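Chains A and B, in that order, are what the protein sequence lines are.
Throughout the first sequence, residue numbering follows my numbering, covering 7 to 115 in sequence.
Throughout the second sequence, residue numbering follows my numbering, covering 4 to 117 in sequence.
Ideal Cβ placement from N, Cα and C applies to all residues, glycine included.
Every value quoted in this text rests on a predicted model; they were computed, and no experiment measured them.
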Amino acid sequence: TQLLEQSPQFLSIQEGENLTVYCNSSSVFSSLQWYRQEPGEGPVLLVTVVTGGEVKKLKRLTFQFGDARKDSSLHITAAQPGDTGLYLCAMDSNYQLIWGAGTKLIIKP
Amino acid sequence: EAGVVQSPRYKIIEKKQPVAFWCNPISGHNTLYWYRQNLGQGPELLIRYENEEAVDDSQLPKDRFSAERLKGVDSTLKIQPAELGDSAVYLCASSFAPGRNEQFFGPGTRLTVL
């Protein structure tokens, strides 16, 4: 059973465009993490969100945690080729992380 | 400071052969994880260690997979015998403590079983 659903599964856009990817669950998260994974490497943590309604910004990336703590979004402004990668969300459950399948993002120059 | 180290980076074997992966976590990290990641999927937890104790191995296929972390530092994951469906990237991660603490990942071992 996939507890975390990420959408879209794949996104290819031109440099300079904006985009949003989503992470949804039927369960309430105690916390949620977003990671980025580049080819041939392990995932790297971008942000952890804990409080319902929380918004965090990391340069051109804006992360939002839903009020009910069951969903999250990642918005990228003016995407650049360096943003290319697999974006994974993971929720904290019983001392382990439950992972989504990821959104594969390609930014074309 | 060195990150999580894994070896080998790539391994190609024939089915029914054994294979082993090694991981050295970040110094001072008590929690160590082994994950399997199939193409286009997120990581799937195989086993979690707290120091030398395996505290969650519910997803480890114990008929062919084994793992150890004898001194609570580095760890080895073994598959014997390997099957075609074991082809995947095997990731090792470590964290200071379990739960919402940031996990630091190694580059993974890409296993191909022919």
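For residue i, does the three-state DSSP call read helix, strand or coil?
i                : result
Gly91 (chain A)  : strand
Asp73 (chain A)  : coil
Leu73 (chain B)  : coil
Leu87 (chain B)  : helix
Ala100 (chain B) : coil
Val22 (chain B)  : strand
Val53 (chain A)  : strand
His32 (chain B)  : coil
Lys81 (chain B)  : strand
Thr7 (chain A)   : With a pLDDT of 49 at Thr7 (chain A), under the threshold of 50, the modelled position of that residue is not reliable, and the figure given next carries that caveat. In this structure, Thr7 (chain A) counts as coil in the three-state DSSP scheme.
Arg12 (chain B)  : coil
Val7 (chain B)   : coil
What's the gap between the Cα of residue i and the Cα of residue j?
i                : j                : result
Ser3 (chain B)   : Leu103 (chain A) : Not covered by the structure: residue 3 (chain B). The range shown for chain B is 4 to 117.
Asp12 (chain B)  : Gln70 (chain A)  : Note that residue 12 (chain B) corresponds to Arg in the displayed sequence, not to Asp. Approximately 35 Å between the Cα atoms of the pair.
Gly72 (chain A)  : Gln44 (chain B)  : 24 Å
Pro45 (chain A)  : Ile15 (chain B)  : 19 Å
Ile29 (chain B)  : Val8 (chain B)   : 8 Å
Trp40 (chain A)  : Lys65 (chain B)  : 30 Å
Gly22 (chain A)  : Val55 (chain A)  : 26 Å
Glu11 (chain A)  : Ser31 (chain A)  : 6 Å
Ser99 (chain A)  : Leu87 (chain B)  : 31 Å
Tyr52 (chain B)  : Pro21 (chain B)  : 23 Å
Leu35 (chain B)  : Ser13 (chain A)  : 29 Å
Thr109 (chain A) : Ile82 (chain B)  : 30 Å
Residues of chain A with a CB under 9 Å from the CB of residue i: which are they?
i                : result
Pro110 (chain B) : Gly46, Glu47, Gly48
For residue i, which residues from the same chain have a beta carbon less than 8 Å from its beta carbon, with the 5 sequence-adjacent residues on both sides left out?
i               : result
Gly31 (chain B) : Phe99
Asn90 (chain B) : With the sequence shown as reference, residue 90 (chain B) is identified as Ser, and Asn is not the correct amino acid for it. Cβ neighbours of Ser90 (chain B) beyond the five flanking positions: Leu114, Thr115, Val116.
Asn24 (chain A) : His81, Ile82, Thr83, Ala84, Ala85
Ala57 (chain B) : Ile50, Arg51, Ala70, Arg72
Just to make sure I have the definition right: I need the residues of chain B whose C-beta is within less than 9 Å of the C-beta of residue i. Which are they?
i                : result
Gln102 (chain A) : Tyr36, Leu48, Arg51, Asp59, Pro101, Gly102
What does residue i reach in chain A if we use C-beta pairs closer than 8 Å?
i               : result
Gly75 (chain B) : The premise fails here: Gly75 (chain B) is roughly 17 Å from chain A at the closest Cβ pair, so nothing lies under 8 Å.
Gln20 (chain B) : The contacting residues do not exist; Gln20 (chain B) stays about 24 Å from chain A at best.
CB-CB under 7 Å to residue i, same chain, minus the five flanking residues each way: which ones, in chain order?
i               : result
Thr7 (chain A)  : Its pLDDT being 49, under 50, Thr7 (chain A) is placed unreliably by the model, and nothing is read from it.
Lys65 (chain A) : none
Gly91 (chain A) : Arg42, Gln43, Glu44, Leu111
Leu94 (chain B) : Tyr38, Gln40, Pro46, Phe108, Gly109, Gly111
Among residues of its own chain, excluding the 5 on either side of residue i, which ones have a beta-carbon nearer than 6 Å to its beta-carbon?
i               : result
Val92 (chain B) : Gln40, Gly111, Arg113
Ser79 (chain A) : Thr26, Tyr28, Gln70
Asn79 (chain B) : The sequence shown places Thr at residue 79 (chain B), not Asn. Same-chain partners within the cutoff: Ala23, Trp25, Glu71.
Pro84 (chain B) : Lys19
Ser18 (chain A) : Ile112
Phe68 (chain B) : Ile82
Can you pull the chain A neighbours of residue i, defined as C-beta to C-beta under 7 Å?
i               : result
Ala85 (chain B) : By Cβ distance, chain A contributes nothing, its closest Cβ being about 22 Å from Ala85 (chain B), past 7 Å.
Leu94 (chain B) : Gly48
Would you kindly check if the distance between the Cβ of residue j and the Cβ of residue i is under 8 Å?
i                : j               : result
Phe35 (chain A)  : Lys63 (chain A) : no
Trp37 (chain B)  : Asp77 (chain B) : no
Gly6 (chain B)   : Gly75 (chain B) : no
His102 (chain B) : Tyr93 (chain A) : As written in the sequence, residue 102 (chain B) is Gly, which differs from the His given in the question. Contact flag unset, no.
Glu47 (chain B)  : Leu51 (chain A) : no
Pro115 (chain A) : Pro87 (chain A) : yes
Ser33 (chain A)  : Leu9 (chain A)  : yes
Asn54 (chain B)  : Asn27 (chain B) : no
Quick one: list the residues of chain B neighbouring residue i, beta-carbon separation under 7 Å, in chain order.
i                : result
Trp105 (chain A) : Gly45, Pro46
Leu94 (chain A)  : Gly45
Mind pulling the chain B residues with CB within less than 8 Å of residue i?
i                : result
Gly108 (chain A) : Gly43, Gln44, Gly45
Can a CB atom of chain C be found closer than 8 Å to the CB of residue i?
i               : result
Leu17 (chain A) : Chain labels in this structure do not include chain C; the protein chains are A and B.
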